[in-house]
Every structure is written in C-alpha cells, then in structure tokens.
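Quick note: the numbering used here has the sequence shown finishing at residue 1114, numbered continuously throughout.
Every residue, glycine too, gets a C-beta built ideally from N, C-alpha and C.
Remarks on the structure that follows.
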Amino acid sequence: GLYDGTGAYEITTPYVTADLFELKYEQSADVLYITHPDYETRKLSRFNNNDWILEAFDSQAGPFRIQNDTVTKTIAASATTGSITLTASGHAPFVAGTTAGHVPSGSTATSKSQTGALFALTHPLETLVYQETLEDKYGTGGSTTEDTSWVALGTLYKGTGWTLVTTGTWTGTLEIQRNYTVGAAHDADGWEKVLQYISVDDRNVDTSGTEEENTASYRAILVDSGDSEEPC
C-alpha cells in the first residue's frame, strides 16, 4: 500500500470490487491511464508523495467504436440554432430520461460507460455531379453566361471532398474558384482562385481535394480559351 506519515494514503475511485479484474492500465512517468469496458477512461496523476488525483481522461480524438450506419437508429435535433435537444430512438445505449450532469457512479452499465463518453457525429452528404462543356473564355471579349464560360459547383461545407475530371482535347486555362463571401458582395469581389490548369491540346486533369477552411461556393471557370473549336 501507499503510506504517508500518518497512515495509508487513499483516494476515492468509482470502481466496485467486481470491476477490479477487468481494469487495464498503462503508465507514462507519473501518470497512470486506467480503462475498463464499462467506464470512461481515467488517469491517475502523481504530483507529490501525498498528492494524487484521479480524473476522467478528456480525449478529443477518440478512439471510437465502429460507426453506426443503421438508418433505423437515429438522433434527431429539435432545432438548428439556440437551445437544442437531441432525441435518440431505435437503440441502446441511449435511454429515456434526463442524465445531464450525472456522474458515472457504477450503478448500471449505461451510466458508467455512456455518461461523459466521447461521441463523433457525422453528417453524410449526397454525392453531387456537375458536368458541363465550357466553350468560351470568361469576361472581357468572352462570355459571362453560366454553362458557357463557367459552371457553378454548388456549396461545399468544411471537410467536404471534391473531384475534378476534364476530358477531350482542349486549349485554355481552367480555374477552380471559391467564395466565402455572403450577401451582396458575393459575386462582386468574393471569388478567389484555388487551382489553375493550363492545357495546349494534350492535357487533361483528374484531381481531388478537400475544403478545409469553411463553407464556400465553388465554380469552374474558363478564364482563357485558345481555340473555341476545342471546348473544355
């Protein structure tokens, strides 16, 4: 045991006797990480001989269990802004009743393993395909008509991936542009170049990327066309 000058040094833990044989731990210097199938991970930290703290480990990046992709098991939000209530249906470990502020006590498996646990929420989006033939350069001396010199590619949310593929034989300069601006100034001065591809008859592109910054509008724009008979 651990003793100080007056007797055994003890701290309170949430584990009951039946849990002890299922505890697993890993030590790094003065910190001991403790796991159990029915409890959130904890860490025991030593600051001095008689100064120890046991607390829940604040993990921000998992690990997570296998993603739930069953459409009959859902979580619905009561609103999109302000005070929002999430209501789960169709499956455990979510149960009816209020558990806000509940400290895992070891009384039931649900309270021990789910209260304070880290969840990852993802929003799957439908794959959208935009296909267009651009036949004229954009702007001065060329067209400003959508689907002739440029094509709108919709809105990409932060974290959304995209793929660009060109085909055929074409000469010109193709740009992928994005726009974070909202409101009246959106079309006036909000567009910025993300990528640029130049072809002289023999180049095509098959590339992909991810919108890393924020929600943005995207478009493909033919800023220069060397031959109107060879559209992009």
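**Asked** Rounded to whole angstroms, how far is the Cβ of Glu1093 from the Cβ of Gly1041, which I believe are closer than 8 Å?
**Response** Walking along the sequence shown from the start, residue 1093 turns up at place 211. Walking along the sequence shown from the start, residue 1041 turns up at place 159. Right, the Cβ-Cβ distance comes to about 7 Å (below 8 Å), so this counts as a contact.
**Asked** Glu1028 bridges to which residues according to DSSP?
**Response** The residue labelled residue 1028 in the question sits at position 146 within the sequence shown. Paired residue(s): Trp1032.
**Request:** Could you tell me the distance, in whole angstroms, from the CA atom of Gln942 to the CA atom of Ser960?
**Result:** The count along the sequence shown starts at 1 and reaches residue 942 at position 60. The count along the sequence shown starts at 1 and reaches residue 960 at position 78. Counting only the Cα atoms, Ser960 lies some 25 Å from Gln942.
**Request:** Consider the C-beta atom of Ile957 and the heavy atoms of the ligand SAH; say whether any pair is separated by less than 6 Å.
**Result:** The ligand SAH is absent from the structure shown, which contains no ligand whatsoever.
**Item:** Length of the line joining the Cα atoms of Leu902 and Thr962
**Value:** Counting from one through the sequence shown, the residue named residue 902 turns up at place 20. Counting from one through the sequence shown, the residue named residue 962 turns up at place 80. Between the alpha carbons of Leu902 and Thr962 lies a gap of roughly 43 Å.
**Asked** In terms of residue numbering, what span does the beta strand (DSSP E) encompassing Glu937 cover?
**Response** In the sequence shown, counting from the first residue as 1, residue 937 sits at position 55. Per DSSP, Glu937 is one residue of the beta strand (DSSP E) stretching across 933-938.
**Request:** Sort Gly1043, Thr1015, Val953 by Cα distance to Tyr1100 and report the nearest one.
**Result:** As a position in the sequence shown, residue 1100 is number 218, starting the count at 1. Answer by Cα proximity: Gly1043.
**Message:** Cutting at 6 Å between CB atoms, please list the residues of its own chain near Lys906, excluding the five before and the five after it.
**Reply:** Start at 1 with the first residue of the sequence shown, and residue 906 comes out as number 24. Cβ contact annotation for Lys906 (same chain, cutoff 6 Å, sequence separation greater than five): Thr917, in chain order.
**Item:** Same chain, Cβ closer than 7 Å to Arg924, neighbours up to 5 away in sequence not counted
**Value:** As a first step, residue 924 is located in the sequence shown; it is residue number 42 there, counting from the start. Ile916, Leu936, Glu937, Ala938, Phe939.
**Prompt:** How about the region 1045-1059 and the region 1076-1096: do they share at least three Cβ pairs that are nearer than 8 Å?
**Reply:** Contact between the region 1045-1059 and the region 1076-1096 is present, with at least three C-beta pairs closer than 8 Å.
**Message:** To the nearest angstrom, how far is the alpha carbon of Glu1028 from that of Trp1073?
**Reply:** Taking the sequence shown and counting its residues from 1, one reaches residue 1028 at position 146. Taking the sequence shown and counting its residues from 1, one reaches residue 1073 at position 191. Here the C-alpha atom of Glu1028 lies approximately 15 Å from the C-alpha atom of Trp1073.
**Reference Asp1018, options Thr1009, Ser1031, Val1011, closest by Cα** = Working through the sequence shown from its first residue, we reach residue 1018 at position 136. Cα-wise, what sits closest to Asp1018 is Ser1031.
**Prompt:** When you compare only the Cα positions, how much space is there between Asp1106 and Tyr1020?
**Reply:** Residue 1106 sits at position 224 when you count from the first residue of the sequence shown. Residue 1020 sits at position 138 when you count from the first residue of the sequence shown. One Cα belongs to Asp1106, the other to Tyr1020, and the distance between them is close to 7 Å.
**Message:** Using the Cβ count rule (16 or more neighbours within 10 Å means buried), how would you classify Ser965?
**Reply:** Here residue 965 is taken as the residue at index 83 of the sequence shown, counted from 1. Ser965 comes out exposed.
**Message:** Taking the alpha carbon of Asn931 as the reference point, which residue from Val1082, Glu892, Ile1080, Tyr1012 has its own alpha carbon closest?
**Reply:** Counted from its first residue, the sequence shown places residue 931 at position 49. Nearest C-alpha to Asn931: Glu892.
**Message:** Please report the distance separating the alpha-carbon of Gln909 from that of Ala1098.
**Reply:** Here residue 909 refers to the residue found at position 27 when the sequence shown is read from its first residue. Here residue 1098 refers to the residue found at position 216 when the sequence shown is read from its first residue. C-alpha separation (whole angstroms): 45 Å.
**Item:** Opening and closing residue of the beta strand (DSSP E) in which Glu922 lies
**Value:** Position 40 of the sequence shown holds residue 922. Segment 921-930, the beta strand (DSSP E) holding Glu922.
**Message:** Once DSSP output is grouped into helix, strand and coil, what is the label at Leu1056?
**Reply:** Counted from its first residue, the sequence shown places residue 1056 at position 174. Residue state, collapsed to three classes: strand.
**Asked** In the structure shown, what three-state DSSP assignment does Thr1092 receive?
**Response** One-based indexing of the sequence shown puts residue 1092 at position 210. Strand.
**Request:** Kindly indicate which residue of Gln1013, Tyr1039, Gln949, Thr967 has the alpha-carbon position closest to the one of Phe1001.
**Result:** As a working mapping, residue 1001 is identified with position 119 in the sequence shown. Among Gln1013, Tyr1039, Gln949, Thr967, the Cα nearest to that of Phe1001 is on Gln949.
**Asked** Helix, strand or coil: how does DSSP classify Glu908 here?
**Response** Stepping through the sequence shown from its first residue, residue 908 is reached at position 26. Strand, per DSSP.
**Request:** Measure the CB-CB distance between Leu1104 and Gly1023 and report whether it falls below 7 Å.
**Result:** Indexing the sequence shown from 1 puts residue 1104 at position 222. Indexing the sequence shown from 1 puts residue 1023 at position 141. Their beta carbons are not under 7 Å apart, which means Leu1104 does not touch Gly1023 by this criterion.
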